[in-house]
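Taking it in order: structure first as structure tokens, then the write-up.
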Amino acid sequence: MNPAPTEPLNSVDEAGLSPPLLLEGRGITKSFPGVKALKGVDLKLSPGEVLAVIGENGAGKSTLMKILAGVQSHDEGELRIDGQPVRFSGVEDALGNGIALIHQELNLADNLDVAANIFLGREPRRFGLMNTSLMHAQASDWLQKVGLRVPPETIVGHLTIGHQQLVEIAKALSVNARVLIMDEPTSSLSQHETEQLFAVIRDLSAKGVAIVYISHRLGEVKALAHRVTVLRDGENAGSIEKQDIHHDQMVRLMVGRDVSQYYALKERQTGEVIMKVEGLRTPHAPEHALHFELRSGEIVGVAGLVGAGRTEMLQTLFGVAPAVGGSMWVAGRSFTPQSAAQAIECGLALVPEDRKQQGLILEMAIKENMSLASLRRDQRRGFLDFGSEQDIADRMIADMRIKTPSDMQQAQYLSGGNQQKVVLGKWLAMKPRILLLDEPTRGIDVGAKQDIYRLMEKLAEQGVAILFVSSEMEEIIGMSDRALIMHEGRLAGGLPRAELSEQSVMQLATGGDRP
Amino acid sequence: MKKIYGITGIFMVVFILTALMSSSFLTPYNMERLILRTSLFGIISIGVGFVIITSGIDLSIGSVICLIGCGLPWLLTKLSLSMPIAILVVLLATLMIGLLHGLLITKLKLQPFVVTLCGLLMYRGLTRGFTGDQTQGFGQVFKELRWLGEGRVALPGIPLETFGLPVPFFILVLVAILASIFLNRTIYGRYLLALGRNEQAARYSGIHTDKMIVLAYLICAGLAGLGGVLFILDVNSAQPVDFGNFYELYAIAAAVLGGCSLRGGQGTILGVVIGAALMQVLRNMITLVDWIPTHIEYAVIGAVILVGVVADEVVKRVASSRQIAASRQ
Ligand SMILES: Nc1ncnc2c1ncn2[C@@H]1O[C@H](COP(=O)(O)OP(=O)(O)OP(=O)(O)O)[C@@H](O)[C@H]1O
Ligand SMILES: [Mg+2]
């Protein structure tokens, strides 16, 4: 449906020698304390091209993008725009050259409204004052482009993560960039929002905007990219042209080995009921009472559209958003969850959706993050048990293959996927009986994803009950013994594995009747 | 540990400079006074350090010192309460204050700055009210109590007439050791450091963040109260109108110099104590060195704090760029 960008790609410039490159990086290197993140990476980008950059967690993708967008400076190597060498002094400078970056982690001012965030630092003015009405009008246009239907006056902090991500995208679009870099833009979007974004990307590409697209979802890459560049350990591991983009080929270049057998789909023996939710009401949707049971050794997926109240349900089960009614029964104890401490005592653990705000203390060491939830259990009459803290860190870093120079590295300096592994490790160290996971594989590379699936299966075999929220249909269908589907704050129904299919899940998720 | 190198260096430089510029600086009497003042300010600075670690602030310390420092002699002399009762009243008062601050901040979500600013105004006003703005002191009675503030302990080989370590110094050492163990070795100290950085993530980890924050304000008010008692014992005569004025700022400055970040989650007890010592050496220098006019005291102190904070930042940057250079190989 879109004109293929082959024309600008293959056309030859005036001199008749080489195609005109919009952006080029040659031999880019970058070091951080204790880590050499990029070891001489090359990158080429033509106008109108959609270039996917893929690689394992910590391969250096985000670092490379930050350099292209002027957020960080490179140590060695050369950047060229339209063939001219450039060196950016900062983000402003890169923006001035038409390069905009949507960060992997959200970077919005929570306390400002959507319009103010979109135009932050570039507010339209009249007589030297901010022209709020014009700003809101223009913001509405951009919001419509990305398919976000909220008024531009909404305070960003009140939006879900998915919606905040759309605001980020609208913000990047609004600068009319020539090169638009998206670092895992879809990791918190629903399928519908993702499709909307794809339409926007194809449209931009047809208009000659070059897109750099980073994702761990290889299906998206195949659907979207004209070319794929693979990074491994800070080096170029290869490049794949459109016609050769296949899942296995991408994985091989990324990981250096074959990854097969994604979902085991083993029949599992489930034990007795260990958790009953009896009429629990969340503060998010107090008009709906939730009822369901979990058995030990069972993996239950929670599906639903963004905003269906899945995250809120987990938060209420875990006590961080205290229930406003109803009760919960866990292993012989009945209570209305009021605090995380109480839930932890009952053997629950929650790996939250937003790792930066809820999962990690970014400025603390990996080791200290991992032990934080276990401190109370492992205490020696109130004193820290440094030995067990070290054990947890050693074990988890090895088990989860966390890529870091040391366990004393601050969590903020890890790549996104490795941060996610730290959060997982922190909760696994608690040996929970009931594990609540909110988008557990967000931002995690294929290899590690498989590791996490195997881990979930292993835990289930040991009798842990797992309730996981996921927006990836594949994951819900591939991993669940049974799925719960939510729609607008209520449980719309449950489906056993035999009845799980994309259609049956979507039907319930969109408010339809049981198939 | 890296964080206190900078402040220790500045302290030594100022100390040596003062010794060179003034012949009376190193005299036993002056040293004794310096150690005493450092001990008193060190104690209250440790208190505010805990609050700053939770990313809060306590502006009421000076007024709490006034309330307790004037209140204790008033209870004893005006109301003729017995010593144990008076001490109990004073203790309860400080705990109430800490609890009040903590609950207002955690339950009503008021800002620490606002809550403790109101405290600053209220406690001093209150003290001036019940004392009728009269000077308060113990006179020549209450020997045992006064020993706490005025007592001196001889060092082996040095006659007590020449030099003795003030008793409050031992109190500081005790408080500092306990505080340091609490902060670095107990799970509660770790909780404070964690919630100071990211309260939400701490709560998601099962930490009772509200209780921990209240505890920090209790510690702060408690140590301010103890400071109030020791300060009044030292001067033995205090006017409610200005007793303890600005002490909160000295305490906050000491904590910040000692490596506590106002953004929370950061700080060492030893650093805070050295910060307090630096502040006192500075004040001492300004009084002793002839050519520094005494009335520019605040300007000098302000400038040194600024230099300290800047130096700290520079040291941090140099250290991290060294590490980067090392990992490039
Ligand atoms: N500011 C920093 N300080 C120290 N190390 C850093 C910093 N930023 C990145 N790193 C390290 O550089 C390496 C590359 O990180 P980067 O974020 O580019 O990975 P990535 O490919 O984007 O991974 P992911 O898929 O997990 O997002 C990692 O080992 C990371 O720990
Ligand atoms: Mg990344």
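So the protein lines, in turn, are chains A and B. Residue numbers for the first sequence follow the numbering used here, so the first one is 175 and each next one is one higher. Residue numbers for the second sequence follow the numbering used here, so the first one is 979 and each next one is one higher. By construction, the Cβ of each residue, glycine as well, lies at the ideal position given by its N, Cα and C atoms. Keep in mind it's a predicted model, so treat the numbers as computed, not measured.
Supposed close pair residue i, residue j - CB separation, criterion 8 Å
| i | j | result |
| --- | --- | --- |
| T368/A | L225/A | 18 Å between Cβ atoms; not a contact. |
| S1023/B | G1253/B | 7 Å |
| I343/A | P359/A | 6 Å |
| L242/A | L212/A | 11 Å between Cβ atoms; not a contact. |
| G1076/B | G1222/B | Rounded, the Cβ-Cβ distance is 17 Å, inconsistent with contact. |
| G1236/B | I985/B | 6 Å |
| I640/A | L609/A | 5 Å |
| T1109/B | S1215/B | 12 Å between Cβ atoms; not a contact. |
| L1073/B | A1064/B | In fact, because the Cβ distance is near 15 Å, the residues do not count as touching under 8 Å. |
| R469/A | G445/A | 6 Å |
Residue(s) in a DSSP beta bridge with residue i
| i | result |
| --- | --- |
| W1125/B | None; W1125/B has no bridge partner. |
| M304/A | R299/A |
| V1119/B | According to DSSP, V1119/B bridges with nothing at all. |
| V353/A | I273/A, A384/A |
| E123/A | Here chain A has residues from 175 to 689 only, and residue 123/A is not among them. |
| H661/A | R664/A |
| H465/A | E452/A |
| Q584/A | A539/A |
| A1164/B | Reading off the sequence, residue 1164/B comes out as Thr, not Ala. Answer is F557/A, bridged to T1164/B. |
| A1216/B | Q1114/B |
| R200/A | E252/A |
| F509/A | M502/A |
Reduced DSSP secondary structure (H/G/I, E/B, other) of residue i
| i | result |
| --- | --- |
| I329/A | strand |
| Q489/A | helix |
| P1146/B | helix |
| Y437/A | coil |
| P1134/B | coil |
| T1072/B | helix |
| F989/B | helix |
| R1175/B | helix |
| V643/A | strand |
| A211/A | strand |
| G984/B | helix |
| E409/A | strand |
| E188/A | Only weak support exists for where E188/A lies, its pLDDT of 45 falling under 50; the coordinates are left without a value. |
| K577/A | coil |
| R426/A | helix |
| W1269/B | coil |
| P526/A | coil |
| R656/A | strand |
| R1181/B | helix |
| A477/A | strand |
| F1003/B | coil |
Counted within 10 angstroms of its Cβ, other Cβ atoms place residue i as buried (16 or more) or exposed
| i | result |
| --- | --- |
| I1155/B | exposed |
| V1145/B | buried |
| N176/A | Summary for N176/A: the model assigns pLDDT 45, below 50, so the residue's position carries little reliability, and this model does not support an answer. |
| N543/A | buried |
| I276/A | buried |
| G201/A | exposed |
| I1136/B | exposed |
| N1176/B | buried |
| V1119/B | exposed |
| A274/A | buried |
| Y1062/B | Before going further, note that residue 1062/B is Pro rather than Tyr in the sequence given. Exposed, by the Cβ-count rule. |
| M582/A | exposed |
| N1262/B | buried |
| D1220/B | exposed |
| F560/A | exposed |
| S580/A | exposed |
| W1125/B | exposed |
| V1292/B | exposed |
| V679/A | buried |
| I994/B | exposed |
>> Runs of 3 residues minimum, wholly inside the stretch 227-265 of chain A: which ones carry the beta strand (DSSP E) assignment?
In response: 250-255, 258-260
>> Going residue by residue through the stretch 1032-1089 of chain B, where are the continuous alpha helix (DSSP H) segments of at least 4 residues, counting only ones entirely within it?
In response: 1039-1051, 1061-1084
> Which residue spans inside the stretch 588-621 of chain A form an unbroken alpha helix (DSSP H) run of at least 4?
Replying inline: 590-602
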